[in-house]
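Visitor: To start, I am sharing the structure in question, which I have written as structure tokens.
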Amino acid sequence: MTEIKSATQVEIKNLFGGYDNETVLEDINLTIHENDFIGLIGPNGGGKTTLLKIILGLLPYKKGSVLVMGHPPQKGRQHIGYVPQFAIFDSDFPISVFDVVKMGRLSGKRVFQRLTNEDDAIVEEKLAWMDMLDFKNRGIRELSGGQRQRVYIARALATEPELLLLDEPTVSVDFETRTKIYELLHDINRQGVTILMVSHDLNVISSYVKTIGCLNRNLHYHGKKEITEEMLKSGYNCPVELIAHGLPHRVLAEHQEGR
Amino acid sequence: MTELLSYGFMQNALMAAVLVSLASGIIGTLVVLKRMVFISGGVAHTAYGGVGLAFYLGVNPIFGAVAFSLTASFLMGYVQRKTRQRQDTLIGVMWAIGMAIGIIFADLTPGYKADLMSYLFGSILAVTNTDLLLMLAVDILVISLVALFYKELQATAFDETFARVRNLPVDLLYVILVAMIGLSVVMLMRVVGLIMIIALLTVPAAIGAMYLKNMKHIMWLATGLSLIFTVGGLLISYYFNLSSGATIILVSGAFYLGALALHRFCQRCPE
Ligand SMILES: Nc1ncnc2c1ncn2[C@@H]1O[C@H](COP(=O)(O)OP(=O)(O)OP(=O)(O)O)[C@@H](O)[C@H]1O
Ligand SMILES: [Mg+2]
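As they're listed, the protein sequences go chains A and B.
Note that our numbering has the first sequence beginning at 1, numbered continuously upward.
Note that our numbering has the second sequence beginning at 260, numbered continuously upward.
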């Protein structure tokens, strides 16, 4: 595969990071090029969420360097749209779907400004993309898990990001919606938005993403699409069993058994 | 009723009810949504240390209360955010220490101490013109700050991580909120007393949050409910010669239980 040289959005060099008493990431090197669509796989506890947090400037790192859009993460992150792994926050919070997505229109630079009709239009557009426009006046606490997930994706899109970080965005989403979301991400990517998506859904990874990385303390990433033998079998311990689960016929078989 | 309104103390009490309801409705909503009820209780009780100290030194207890209340809210706010473990223990300990300091200073102060009791149990009928002016000042501050930062306060209350990624001034907003809690607590202390503050701060907002899904609407409803509770409690206390702090809280409690029951019966109540 010949790579077209394009601008760099994230540049991570020799990164070591983790928590107080545990180094989770070791010697990570990763360059995210503009317009890439990276699928990131790896076992539970492999450090995927931790890596996203570091790119987002939410977690200080121990060694190495991280640049986002040429700036330190805390500055560069304003160009990132983020969909967290699960709604860690209060699921009983009284707020409407519309207002949640509208949060995507806020930023440090607009603190004293009013949001405009144009912002509302963007919010509605993203809700429509996610097929959630009909729910805009519902309370977020009145939605199902999958519907909520779609709202959070809409919120990330409402920031009009250059880079989209998605941490297992389709975990609790039904099959049909899942396909729709991936198609949509595919379109968004074609419109020029770079995407880094954590997923255990290897199927999808191989049919929608451009490159694949595998993270288990160390990052195994060559800027290519193939899941190499090396990724699976080397000391990286990337999840062979996930592939089995991800195979289409296997999924089908399970569905048939269920009937 | 008109006769009642002709009394100066009653006019002051009603004005206090309005002013206090604004603060408890607005700040109470933020306290409930950000789950800072425990901190607010801690701040209220710690403030008693300031009241005791002020009595001992012979200055206006309000100043002692404000000083202790603000210090406590910053300390507890810091503890809640920065320490990972045993936040509730640390806050609980500060809560008790503040209270103990107040009691010791009260012991050390010779003479008549009935006034100290009014800080414990509140006395809306004893609100002075100076108190009213202070309350007005706190209200103006609270309303301006919340209006100015409304969308950011809502965003950080709902999802702080996302707010941080958007580079909203999350930490500054937290400091501002904690300071507003400190000031509101002192204000509510005059009316229901520090022991019962938590109820007046949280019940109206909790009822609002049960039925509404717009923070601004919850703030307004909570303010209205708070006004009903304080005025209702005040009238009951006047006609039956009972402690106003306690009647206000019992009215709130009754409404809360009623709202809970109603909410259970109609899970999908219209707005
Ligand atoms: N807040 C935290 N404090 C301390 N350790 C943490 C914290 N969050 C995660 N860890 C640890 O860091 C390691 C990596 O966690 P991380 O959440 O990055 O994994 P992940 O690859 O996202 O896993 P999953 O597939 O389950 O989402 C785990 O061993 C976990 O125990
Ligand atoms: Mg994770």
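Where a beta carbon is used, it is the ideal one built from N, C-alpha and C, also for glycine.
Keep in mind it's a predicted model, so treat the numbers as computed, not measured.
Suppose contacts are defined by Cβ-Cβ distances below 7 Å. Is residue 25 of chain A in contact with residue 47 of chain A by that definition?
Guide: Mapped onto the first sequence, residue 25 of chain A falls at position 25. Mapped onto the first sequence, residue 47 of chain A falls at position 47. For residue 25 of chain A and residue 47 of chain A, yes; Cβs fall inside 7 Å.
Visitor: Using the DSSP secondary-structure output, state which residues sit across from residue 167 of chain A in a beta bridge.
Guide: Position 167 of the first sequence, counted from the start, is the residue given in the question as residue 167 of chain A. Answer is A:198, bridged to residue 167 of chain A.
Visitor: Look up residue 191 of chain A in the DSSP assignment and say whether it is helix, strand or coil.
Guide: Counting from 1 along the first sequence, the entry for residue 191 of chain A is found at position 191. Note: residue 191 of chain A maps to coil in three-state DSSP.
Visitor: Is the segment 134-146 of chain A in contact with the segment 114-122 of chain A, if contact means three or more CB pairs nearer than 8 Å?
Guide: Too few Cβ pairs lie closer than 8 Å, so no.
Visitor: Using the beta carbon as the reference atom, which residues fall closer than 7 Å to any heavy atom of ligand 2, ordered along the chain?
Guide: The set, ordered by position in the chain, is A:48, A:49, A:85, A:167, A:168, A:198.
Visitor: Is any heavy atom in ligand 1 found nearer than 6 Å to the beta carbon of residue 264 of chain A?
Guide: Only positions 1 to 259 of chain A appear in this structure, which leaves residue 264 of chain A out of reach.
Visitor: Which residues of chain B have a Cβ atom closer than 7 Å to the Cβ of residue 93 of chain A, listed in chain order?
Guide: Locating residue 93 of chain A in the first sequence gives position 93, counting from the first residue. Those are 292, 417, listed as they occur along chain B.
Visitor: For residue 504 of chain B, which beta-bridge partners are listed by DSSP?
Guide: Taking the first residue of the second sequence as position 1, residue 504 of chain B is located at position 245. In the DSSP output, where bridge partners are listed per residue, residue 504 of chain B has none listed.
Visitor: By how many angstroms is the C-alpha of residue 167 of chain A removed from the C-alpha of residue 234 of chain A?
Guide: As a working mapping, residue 234 of chain A is identified with position 234 in the first sequence. As a working mapping, residue 167 of chain A is identified with position 167 in the first sequence. No answer about residue 234 of chain A holds up, because its pLDDT of 48 lies below 50 and its placement is not dependable.
Visitor: Answer yes if the segment 361-373 of chain B comes into contact with the segment 310-327 of chain B, meaning at least three C-beta pairs across the two stretches below 8 Å, and no otherwise.
Guide: They touch, by the three-pair rule.
Visitor: By the 8 Å beta-carbon criterion, what residues does the segment 166-194 of chain A contribute toward chain B?
Guide: Against chain B - using a Cβ distance shorter than 8 Å - the segment 166-194 of chain A contributes no residues.
Visitor: Helix, strand or coil: which one does DSSP assign to residue 235 of chain A?
Guide: As a first step, residue 235 of chain A is located in the first sequence; it is residue number 235 there, counting from the start. No answer about residue 235 of chain A holds up, because its pLDDT of 44 lies below 50 and its placement is not dependable.
Visitor: Run the proximity test for residue 19 of chain A: is its beta-carbon closer than 6 Å to any non-hydrogen atom belonging to ligand 1?
Guide: For the purposes of this step, residue 19 of chain A is taken as the residue at position 19 of the first sequence. Indeed, a heavy atom of ligand 1 lies less than 6 Å from the Cβ.
Visitor: Identify each residue in the segment 10-34 of chain A for which the Cβ-Cβ distance to at least one residue of chain B is less than 8 Å, and report them in chain order.
Guide: Listed in sequence order: no entries.
Visitor: Leaving out five residues on either side along the sequence, give the residues of the same chain with a beta carbon under 7 Å from the beta carbon of residue 172 of chain A.
Guide: Your numbering for residue 172 of chain A matches position 172 in the first sequence. Correct list, in chain order: 145, 146, 149.
Visitor: I want to see whether chain A comes within less than 7 Å of residue 427 of chain B, judged by CB atoms only; does it?
Guide: On the second sequence, residue 427 of chain B is found 168 positions in, with the first residue counted as 1. Yes, residue 427 of chain B lies at the interface with chain A (some Cβ there is under 7 Å from its Cβ).
Visitor: For ligand 1, is there any heavy atom lying closer than 6 Å to the beta carbon of residue 24 of chain A?
Guide: The count along the first sequence starts at 1 and reaches residue 24 of chain A at position 24. For ligand 1, at least one heavy atom lies less than 6 Å from the Cβ of residue 24 of chain A.
Visitor: Hey, does residue 406 of chain B have any beta-carbon neighbour from chain A nearer than 7 Å?
Guide: By one-based count along the second sequence, residue 406 of chain B stands at place 147. Not closer than 7 Å to any Cβ of chain A, the Cβ of residue 406 of chain B fails to qualify, so no.
Visitor: Beta-carbon within less than 8 Å of residue 302 of chain B's beta-carbon, same chain only, minus the 5 sequence neighbours each way: which residues are those?
Guide: As a first step, residue 302 of chain B must be located in the second sequence, where it is residue number 43. Excluding sequence neighbours, residue 302 of chain B sits near 328, 331, 332, 335, 440, 441, 444.
Visitor: In the DSSP output, which residue or residues are listed as bridge partners for residue 452 of chain B?
Guide: Taking the first residue of the second sequence as 1, we reach residue 452 of chain B at position 193. None, per the DSSP bridge assignment.
Visitor: How close, in whole Å, do the beta carbons of residue 170 of chain A and residue 34 of chain A come, if the pair is a contact with beta carbons under 8 Å?
Guide: Within the first sequence, residue 170 of chain A is the residue found at index 170, counting from 1. Within the first sequence, residue 34 of chain A is the residue found at index 34, counting from 1. Contact doesn't hold; Cβ gap of about 24 Å is too wide.
Visitor: Using a cut-off of 9 Å between C-beta atoms, extract the partners of residue 468 of chain B located in chain A.
Guide: Position 209 of the second sequence, counted from the first residue, corresponds to residue 468 of chain B. Near residue 468 of chain B (Cβ distances below 9 Å), the residues of chain A are 92, 93, 94.
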